[in-house]
Every structure is written in structure tokens, then in C-alpha cells.
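Single-structure report; data block below.
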Amino acid sequence: MKVAIIGAGASGLLCAIECAKSGVEVDLYEQNNKPAKKILVSGNGRCNISNTSLDAADFFSQNPNFVEYAIKTFNFKAFEKMMLTLGLPLTALEDGRAYPLSNEAKSVANILVQSAKNFGANLITEHKVNSLSELKNYDAVVVATGSETASHLGGCDDGYKFAKELGHNIIPTYPSLVQLELDSPYPKKMSGAKVEGEVSLHINGIKEQTISGDILFSDYGVSGFAILDISQTASVALLNAQAVDIVLNLLPKMTTQQIAVFLLNTSKNNPSLTLFDIIHNLLPLKITQAVLLSLNLSPTQTTCDTKLTKKIANRITQWKFEVSDTHGFRHAEVSGGGVDTTQINPKTFASKLQPNIYFIGEVLDVVGRRGGYNFAFAWASGYLAAKDIISYNCSTQLQVKTQSKK
Ligand SMILES: Cc1cc2nc3c(=O)[nH]c(=O)nc-3n(C[C@H](O)[C@H](O)[C@H](O)COP(=O)(O)OP(=O)(O)OC[C@H]3O[C@@H](n4cnc5c(N)ncnc54)[C@H](O)[C@@H]3O)c2cc1C
């Protein structure tokens with residue numbers, strides 16, 4: 012039995028290890044000059060490799076139950092055990108996010124690539140597969156090409172092209188876990204400033220979600236964990252041409268009223284202090300400047316009445332921005348949409364249109380929340396596809412044996 016795996020990323024490498032370990036001949040094609048480029052940069056170089064608690068609710072797909080079998084069968088315990096056997100111990104944070112004990116993504120990439128090679132998989136780098144017809148001589152082909160996110164790391168839409176060659180349906184793709192571009196001059200003025208804030212997502216004027224966490228301003232808009240976390244819902248809404256706004260609370264540690272009272276009292280007690288001086292005691296410099304500018308207030312102004320303090324406090328806790336776009340596939344961590352999973356067997360990841368072709372990982376219409384879920388799905392789908400290929404390998408060998416006995 013000879014299998015071609017297209018893509019030496021997370022799902023392709025794990026599939027290659029499992030197949031090669033069981034004696035399947037594996038050619039692993041990778042267009043980049045080295046494998047596992049996304050793993051190497053993942054989790055800010057630490058690789059949030061999985062999550063101790065995997066649930067279908069942590070994933071988005073037009074076919075929401077599709078992931079259920081995979082994440083329950085190849086759950087965190089099974090994955091952790093496999094990694095330990097390969098020589099990679101893991102550690103988990105209280106919230107469930109799991110990392111390599113080394114805390115370095117390099118060790119993950121290294122162990123996967125070395126293991127695949129040691130078990131006999133043939134890694135062929137700088138080889139881009141252009142069409143499935145090039146791989147006619149293989150008994151099975153696994154499409155592990157990922158999505159079009161992060162083109163500098165090998166992200167491309169080849170997997171969708173391969174799927175279309177077979178007549179598969181593609182669910183429209185969109186960037187997820189991505190920064191947001193805002194239609195406003197102020198983010199640029201606050202570029203580089205960061206707060207522990209709160210972001211509320213409004214779609215067609217209705218509040219959908221509120222998330223706490225880092226908010227970081229940049230020339231085009233906003234990034235940071237809170238923004239990445241709402242980006243999935245925001246991106247789908249933008250794809251559907253809905254009106255998307257975010258309302259930022261830049262100081263959730265105080266209520267709007269507490270801020271107003273603080274501004275008023277400080278101004279009364281210290282009449283020589285400017286508005287800039289007072290607000291800068293609450294917020295970073297660039298944000299203070301932008302708050303004042305957005306309200307047409309002079310930073311050197313010293314007088315401050317109740318009406319004005321309320322206005323400033325409201326701006327700090329409820330600053331509304333129109334989201335014009337996401338920051339695009341190039342900057343996104345993952346992509347939503349992809350190969351329609353209703354045409355894929357959820358237990359084997361084989362195409363229902365051509366059973367010896369498999370689709371695994373991010374090329375499928377499955378995207379996870381931030382927290383290690385995307386790798387978790389890549390591992391689980393790679394594992395189940397390998398198990399199915401191995402079962403064919405065993406039955407083929409059995410058949411040959413039976414035939415030779417006759
Ligand atoms: C910056 C960043 C940080 C991330 N951090 C995390 C994290 O901490 N935790 C988490 O769970 N997820 C994280 N992700 C998401 C995670 O990396 C992906 O979900 C995961 O890598 C998907 O695995 P995959 O095997 O489907 O695709 P990939 O890992 O993208 O691998 C696909 C491979 O296929 C190759 N390829 C494509 N087409 C062809 C072709 N025609 N011929 C040959 N080769 C081809 C590509 O070059 C690539 O190497 C992050 C992503 C990014 C971009």
C-alpha cells in the first residue's frame with residue numbers, strides 16, 4: 012500500500028507518522044523548503060498544541076456535529092499519550108490550554124518531523140502538487156494542504172482546487188482569529204497602545220458578544236486576544252454583508268460613573284491639572300490624546316464640569332467603531348469555510364465521492380476557537396485518516412496472502 016500525503020503541516024505529519032509506523036509506504040509532499048512552518052510560529056513560538064477539554068461547541072462549521080466523533084475518539088488523553096510515546100511531554104494551564112513542556116514550538120515541529128522520518132516516511136520538500144492526477148500511482152491520497160491563511164508560511168487554496176477536481180462543494184472561506192480593520196482615524200493615533208479592556212460586538216445594531224482581554228491599537232485598527240476571540244463572528248457577519256461595529260470599554264476596572272466622579276473630584280481638588288494630566292492617570296498616553304481629540308477637547312484645558320466628565324467617561328467605556336473589514340487571510344491564524352464536510356466521512360475523513368482520497372485538517376469546513384482547538388482537530392483528523400488507511404493496508408495484505416495460499 013502506497014499513500015501520498017499533500018502537505019507536511021500539523022495534520023499531514025501526524026497522519027504520516029501513524030501510517031509509516033504501521034508499515035504503509037508514505038510519500039509526504041511539501042511545497043515549502045521545510046515542513047511544519049505554521050507549527051513553528053504557533054502560539055507566539057510556544058505552540059498551544061491542544062486543549063484538555065474538547066467539545067463540538069468549540070468548533071464552527073456548517074455541519075456542527077461533524078467534529079464530534081474525531082475529538083471524542085482522538086481526545087486530549089489519546090493525543091498526550093501519543094506525544095509522550097514519541098518523546099514529547101505536554102503541560103496544561105488551568106484553563107485547559109496545552110503546550111509542550113519545553114514551551115517551544117520548535118520541539119513540536121522537530122519531534123513530528125523526526126518521527127515521521129524515523130518510521131520511514133519519505134519527506135519530499137520543495138515539491139508543489141498541482142493536481143491530484145499527478146498522484147494516480149498511489150493507492151490513497153491524503154489532502155492535508157491547510158487553508159489560504161498566512162501565505163508566507165505556505166497558506167494557499169490548493170486543497171479546495173483538489174476537492175473541486177473530485178466534484179466536492181466548497182463552503183465560502185473567510186479569515187478567522189484575525190485582527191479587525193476600523194473605519195476611523197483614531198486607531199492610527201493610538202497605534203502601539205494596549206489596554207486590558209472589553210470589546211462588545213454589534214451586528215446590525217444588536218449586541219452579540221462581549222469579551223474581555225488585551226486590545227491593541229494599530230495603524231489599520233485593532234488586534235489582541237479579545238479581538239481575535241470576537242473575529243470569528245465578526246468575519247462571518249462581514250462575509251454576509253451585515254453591519255459590524257465594536258464598542259470598546261478601555262477601562263473595565265471602573266464603572267462609567269466611577270470614572271466621571273474621579274475626573275470631577277480630581278479636577279476640583281487640583282484645579283491646575285489639565286484634562287490630559289487627569290485622564291493620563293487612567294489610560295496610556297496615546298489613548299488619552301485620542302480620547303481628547305475625538306471629543307474636540309484641548310489637552311491643556313483645566314475646567315471640567317459634570318456634563319463634560321460624563322462625556323469623557325462615556326467615551327472611555329463605550330467607544331464605538333465601525334468594522335470595515337478583517338485584516339485578511341495573510342494575517343489570520345485560521346480560515347473558516349472550506350471543503351463541505353457533509354461529503355466527508357466523519358469517522359475516516361475519506362471523501363464520500365472517492366473513498367481513497369482523504370481530506371484532513373484546516374482544508375475542511377471546520378474552524379476552532381482560540382485555545383489549541385485548531386491543532387486538536389488537525390491531529391484528530393490526521394489520526395483517523397491514518398487508521399482507515401492502515402485498515403485497508405492490512406486487508407490488502409490479507410487478500411494477497413489468501414490469494415497466494417490458493
Ligand atoms: C501565526 C499562527 C499561529 C497559530 N497558533 C496556533 C496555536 O497556538 N494553536 C492552534 O491550535 N492553532 C494555531 N494556529 C492554527 C494552526 O497552525 C492550523 O490550524 C494548523 O496548522 C492546520 O494544520 P493543517 O495540517 O491543516 O495545515 P498546515 O499546518 O497549514 O499545513 C499545510 C501544509 O501543506 C502545504 N501545501 C499546501 N498546498 C500544497 C501543495 N499543493 N503541494 C505541497 N504542499 C502543499 C503547505 O505549505 C503547508 O506546509 C496558528 C496559525 C497561525 C498562522
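Counting with the numbering used here, you get residues 12 to 417 for the letters of the sequence shown. Beta carbons are placed, not taken as given, at the ideal position from N, Cα and C, and that holds for glycine.
Mind reading off the beta-carbon distance from residue i to residue j? Whole number of angstroms is fine, and I expect it under 8 Å.
{"i": "THR156", "j": "GLY18", "result": "4 Å"}
{"i": "ALA67", "j": "ASN74", "result": "That pair is no contact at about 11 Å."}
{"i": "ILE241", "j": "VAL233", "result": "So it is not a contact: roughly 10 Å between Cβ atoms."}
{"i": "GLU105", "j": "ARG57", "result": "Contact doesn't hold; Cβ gap of about 16 Å is too wide."}
{"i": "LEU11", "j": "GLN365", "result": "Summary: the structure shown does not reach residue 11, with the chain confined to residues 12 through 417, and so no result is reported for it."}
{"i": "LEU274", "j": "ILE323", "result": "6 Å"}
Among the residues of its own chain, which have a CB less than 7 Å from the CB of residue i, if the five just before and after it don't count?
{"i": "THR160", "result": "GLY166, PRO186, PHE340, ALA343, GLU344, VAL345 and SER346"}
{"i": "VAL377", "result": "PHE70, SER72, PHE77, VAL78, THR352 and PHE388"}
{"i": "SER335", "result": "GLU192, LEU193 and ASP194"}
{"i": "MET94", "result": "LEU101"}
{"i": "VAL35", "result": "MET12, VAL14, ILE400, ILE401 and ASN404"}
{"i": "SER142", "result": "GLU176"}
How is residue i classed by DSSP in three states: helix, strand or coil?
{"i": "LYS13", "result": "strand"}
{"i": "THR359", "result": "coil"}
{"i": "ILE327", "result": "helix"}
{"i": "HIS291", "result": "helix"}
{"i": "GLU79", "result": "helix"}
{"i": "GLN410", "result": "Its pLDDT being 38, under 50, GLN410 is placed unreliably by the model, and the measurement read from it follows with that caveat. Helix."}
{"i": "THR313", "result": "coil"}
{"i": "ILE60", "result": "coil"}
{"i": "THR84", "result": "helix"}
{"i": "ASN43", "result": "coil"}
{"i": "HIS213", "result": "strand"}
With hydrogens ignored, establish whether the beta-carbon of residue i is closer than 7 Å to any heavy atom of ligand 1.
{"i": "SER335", "result": "no"}
{"i": "ASP169", "result": "yes"}
{"i": "LEU164", "result": "yes"}
{"i": "PHE386", "result": "yes"}
{"i": "ALA19", "result": "yes"}
{"i": "GLN42", "result": "yes"}
{"i": "THR84", "result": "no"}
{"i": "ILE50", "result": "yes"}
{"i": "THR156", "result": "yes"}
{"i": "HIS179", "result": "no"}
{"i": "GLY23", "result": "yes"}
{"i": "SER53", "result": "yes"}
{"i": "VAL374", "result": "yes"}
{"i": "THR160", "result": "yes"}
{"i": "GLU91", "result": "no"}
{"i": "HIS338", "result": "no"}
{"i": "ALA109", "result": "no"}
{"i": "GLU29", "result": "no"}
{"i": "GLU344", "result": "yes"}
{"i": "VAL119", "result": "no"}
Based on Cα-Cα distance, which residue from the options lies nearest to residue i?
{"i": "GLN329", "options": "LEU274, TRP390 and LEU262", "result": "LEU262"}
{"i": "ASN62", "options": "LEU51, ASN86 and LEU39", "result": "ASN86"}
{"i": "TYR149", "options": "ILE16, SER113, SER64 and ASN292", "result": "ILE16"}
{"i": "HIS421", "options": "SER283, LEU303 and ASP168", "result": "The structure shown does not extend to residue 421, since the chain spans only 12 to 417, so no value can be given for it."}
{"i": "VAL153", "options": "ARG326, GLY54, THR136 and VAL374", "result": "VAL374"}
{"i": "TYR40", "options": "ILE181, GLN190, THR337 and VAL140", "result": "VAL140"}
{"i": "ILE238", "options": "SER162, ALA252, ILE257 and ASP168", "result": "ILE257"}
{"i": "GLU219", "options": "GLN190, LYS199, MET201 and GLN253", "result": "GLN253"}
Tell me which residues share the same chain as residue i and place their Cβ nearer than 8 Å to its Cβ, disregarding the 5 neighbours each side in the sequence.
{"i": "THR221", "result": "GLU209, VAL210, SER211 and LEU212"}
{"i": "VAL124", "result": "ALA19, LEU24, PRO46, ALA47 and LEU134"}
{"i": "ILE355", "result": "PHE77, ALA361, SER362, LYS363, PHE370 and LEU375"}
Is any heavy atom of ligand 3 found at a distance shorter than 7 Å from the C-beta of residue i?
{"i": "CYS58", "result": "Only ligand 1 can be found as ligands here, which leaves ligand 3 out of the picture."}
Between which residues of its own chain and residue i is the CB-CB distance below 6 Å, once the five residues before and five after are set aside?
{"i": "VAL206", "result": "ILE226 and LEU261"}
{"i": "ALA204", "result": "PHE228, PRO295, LYS297 and ILE298"}
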